[in-house]
DNA sequence: CCGGTTCTTTAAACCGGTTTCATTATACAA
DNA sequence: TTGTATAATGAAACCGGTTTAAAGAACCGG
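Chains as they are written, first to last, in our numbering: chain A, 342 to 681; chain B, 342 to 681.
Structure (structure tokens):
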């Protein structure tokens, strides 16, 4: 039932040459007579022969696969970066293998088992900063690795593409302070989390720096952290906005969380931006739809750039490792204004 | 510099057995003495040995790869289905290769080159219904294929998971008619498109059926089709809503397009739902956020189910092909009401 | 006409596993 | 004690390519 696949030896026999010659003919080796090549190619075409990929891979040691490791595929910011990766890779000869990480265990597994020469030729890691323990795993991996939206100071041999989240957090907060706000809340992800997500933590750091620089006292009741997502952000916002002295502005560590804040405001009958200013982070599509003021990151671009660096390194392994900080840009829309 | 990888023969030598025995020990073959296995496994662990995947693949003829072919990764409904796929596959031993299709040429290429035994063990196709010419390619492919949100009557040997878009379109329209609307617009994708996307076309068909059944005349000026996306939908809606006799309700073929309609309404100063009712399709996250009435599809579920069927077929190739129609459900939120 | 190149080609080794087949050791029944 | 079934193992073939080493053929100048 399953028709036997044609092998290089079949072609060789029919063309009256040796398998080695067929291989050379196919791979445009200069070590083959043009006439012979033509004869071989004729047979190849006639039988519709395509070399077995796995055999090629075993023989050459190249997999022609790249892997991308992403955490929760669910977050729109992650998907957006992935789009950049996929679309840049579309025209290359590499296949892209996706590894989704949904719990810390998987993560350790991935770092251990994926970056191996026999599995892939290169790896992209999105939004997962390696821990100190993981550094050696990555530093000594057998294949080139590029970190996107992730970094570790010790990994000087890897390409790293990041944004300056501390500066971003500071800029957002300074903008709110500039509008006249002094009671500014922050809602983000847990600073300590099993995935070592650093962006929320860094943005919070920038937030505190800006407050301090402006001589505004940091108030713990204006700071909330919890699981990523709308629901938790909404709950936190409600808690914060029903304090005796509520904040007049809330800075959310992501657009998704900002949406939760907007929902809370609506629920409490607070007008945005008259009663409450809200700022997000990322500028995913929903931010534009809702008219959310936010800090734009070049998400798609980060994926694109990561692939470029990876391909370049695959071509020339001596490529100098790059540490690139992508710019951010505050996009002011309709959810921010002066305090009431 | 590159440290030579450990092979099964190294392990064999150190453990004092033959490579064959090591292979059996690793693969839990019953043909190996428990003591021997333990001895071997000790060495394996000590040297941190992991079998070379490519060699395994070549030897077994299994690639341990599955491919998923998706069109524009950009559409949220596609991403949602993909999430179902990725998350269901997470715990399996298969790797997932993503093929993004952005133009018709790539598409033909994919159908021709991907479903080969030496590349993958199985294929998922999302939202791309094969054309008549492509049917033989898929029917005679060397590996099992599952169509998700896609179908073709001639492909009786493949699993197919679809929704009844005609019925869905009809249901939405009937709902609007039930509210009292008679001037109902439709905005969707081109019925004839190079990708053979069928969902918008089918929903439009249901829309016309419902109108006809209710004795409402179909008006061409109430029907618009164009490139998927908010922008075009917004423009079409504006055109439609500035007609001398404007529709009192608009049915958009997707939530993304419904958002465009909402933007148009806002721009024109029309209140939703008092002046205009809007219904979307899919129930992606943004629909919930915006309170959009929409026809819910189990997007995530469709991906999950597709993977289940594929895995089952890989385990038992004799599995009967399934043609499954997933249910839809009208979710009524805040964008629909009686006509003004 | 001979030795040395250059150009082609073949045979065989190799990549690193799995699997078949033969062999040996052990257990058990007659 | 012998014969036979059973369990465990090793040797070798195999998967389907690529690549190296060796060899043959053609051509050159001297």
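Beta carbons: idealized from backbone N, C-alpha and C, even for Gly.
Using three-state DSSP, classify residue i as helix, strand or coil.
{"i": "residue 343 of chain A", "result": "Reliability of the predicted coordinates at residue 343 of chain A is poor, the pLDDT of 44 falling under 50, and no value is obtained from them."}
{"i": "residue 566 of chain B", "result": "strand"}
{"i": "residue 509 of chain A", "result": "helix"}
{"i": "residue 659 of chain A", "result": "coil"}
{"i": "residue 681 of chain A", "result": "coil"}
{"i": "residue 351 of chain B", "result": "helix"}
{"i": "residue 367 of chain A", "result": "helix"}
{"i": "residue 426 of chain A", "result": "helix"}
{"i": "residue 501 of chain A", "result": "strand"}
{"i": "residue 483 of chain A", "result": "coil"}
{"i": "residue 641 of chain A", "result": "helix"}
From the beta carbon of residue i, is the nearest beta carbon of chain B less than 8 Å away?
{"i": "residue 458 of chain A", "result": "yes"}
{"i": "residue 616 of chain A", "result": "no"}
{"i": "residue 579 of chain A", "result": "no"}
{"i": "residue 436 of chain A", "result": "yes"}
{"i": "residue 347 of chain A", "result": "no"}
{"i": "residue 424 of chain A", "result": "yes"}
{"i": "residue 454 of chain A", "result": "yes"}
{"i": "residue 427 of chain A", "result": "yes"}
{"i": "residue 600 of chain A", "result": "yes"}
{"i": "residue 393 of chain A", "result": "yes"}
{"i": "residue 523 of chain A", "result": "no"}
{"i": "residue 398 of chain A", "result": "yes"}
{"i": "residue 472 of chain A", "result": "no"}
{"i": "residue 661 of chain A", "result": "no"}
{"i": "residue 389 of chain A", "result": "no"}
{"i": "residue 591 of chain A", "result": "no"}
From this set, the options, which residue's C-alpha is nearest residue i's C-alpha?
{"i": "residue 677 of chain B", "options": "B:666, B:655, B:604 and B:592", "result": "B:592"}
{"i": "residue 494 of chain A", "options": "A:476, A:531 and A:507", "result": "A:476"}
{"i": "residue 436 of chain A", "options": "B:431, B:455 and B:679", "result": "B:455"}
{"i": "residue 649 of chain A", "options": "A:381, A:584 and A:489", "result": "A:489"}
{"i": "residue 379 of chain B", "options": "B:352, B:397, B:398 and B:400", "result": "B:352"}
{"i": "residue 669 of chain B", "options": "B:512, B:585, B:573 and B:579", "result": "B:512"}
{"i": "residue 563 of chain B", "options": "B:571, B:570, B:554 and B:577", "result": "B:577"}
{"i": "residue 641 of chain B", "options": "B:429, B:390 and B:399", "result": "B:429"}
{"i": "residue 508 of chain A", "options": "A:546, A:614, A:438 and A:584", "result": "A:546"}
{"i": "residue 427 of chain B", "options": "A:413, A:418, A:426 and A:620", "result": "A:413"}
{"i": "residue 482 of chain B", "options": "B:467, B:452 and B:473", "result": "B:452"}
{"i": "residue 527 of chain B", "options": "B:399, B:579, B:397 and B:350", "result": "B:579"}
So, does the CB of residue i fall closer than 8 Å to a CB anywhere in chain A?
{"i": "residue 343 of chain B", "result": "Note that residue 343 of chain B has pLDDT 44, beneath the 50 cutoff, so the model's placement of it is unreliable and no number is given."}
{"i": "residue 414 of chain B", "result": "yes"}
{"i": "residue 404 of chain B", "result": "yes"}
{"i": "residue 374 of chain B", "result": "no"}
{"i": "residue 368 of chain B", "result": "no"}
What's the gap between the Cα of residue i and the Cα of residue j?
{"i": "residue 463 of chain A", "j": "residue 544 of chain A", "result": "30 Å"}
{"i": "residue 364 of chain A", "j": "residue 371 of chain A", "result": "12 Å"}
{"i": "residue 599 of chain A", "j": "residue 369 of chain A", "result": "56 Å"}
{"i": "residue 534 of chain B", "j": "residue 388 of chain B", "result": "56 Å"}
{"i": "residue 480 of chain B", "j": "residue 655 of chain A", "result": "37 Å"}
{"i": "residue 393 of chain A", "j": "residue 448 of chain B", "result": "22 Å"}
{"i": "residue 522 of chain B", "j": "residue 589 of chain B", "result": "7 Å"}
{"i": "residue 617 of chain A", "j": "residue 628 of chain B", "result": "24 Å"}
{"i": "residue 581 of chain A", "j": "residue 444 of chain A", "result": "30 Å"}
{"i": "residue 382 of chain A", "j": "residue 402 of chain A", "result": "25 Å"}
{"i": "residue 548 of chain A", "j": "residue 440 of chain B", "result": "40 Å"}
{"i": "residue 520 of chain B", "j": "residue 610 of chain B", "result": "22 Å"}
{"i": "residue 460 of chain A", "j": "residue 478 of chain A", "result": "15 Å"}
{"i": "residue 555 of chain B", "j": "residue 518 of chain B", "result": "8 Å"}
{"i": "residue 594 of chain A", "j": "residue 530 of chain A", "result": "7 Å"}
{"i": "residue 596 of chain B", "j": "residue 624 of chain A", "result": "19 Å"}
{"i": "residue 458 of chain B", "j": "residue 652 of chain B", "result": "15 Å"}
{"i": "residue 572 of chain B", "j": "residue 347 of chain B", "result": "56 Å"}
Could you pull the start and end residues of the alpha helix (DSSP H) that residue i belongs to?
{"i": "residue 629 of chain A", "result": "626–631"}
{"i": "residue 452 of chain A", "result": "445–454"}
{"i": "residue 602 of chain A", "result": "596–609"}
{"i": "residue 479 of chain B", "result": "476–480"}
{"i": "residue 579 of chain A", "result": "571–582"}
{"i": "residue 671 of chain A", "result": "First-last for residue 671 of chain A: 669–672, but that is the beta strand (DSSP E), not the alpha helix (DSSP H)."}
In terms of residues, what are the limits of the beta strand (DSSP E) holding residue i?
{"i": "residue 634 of chain B", "result": "634–638"}
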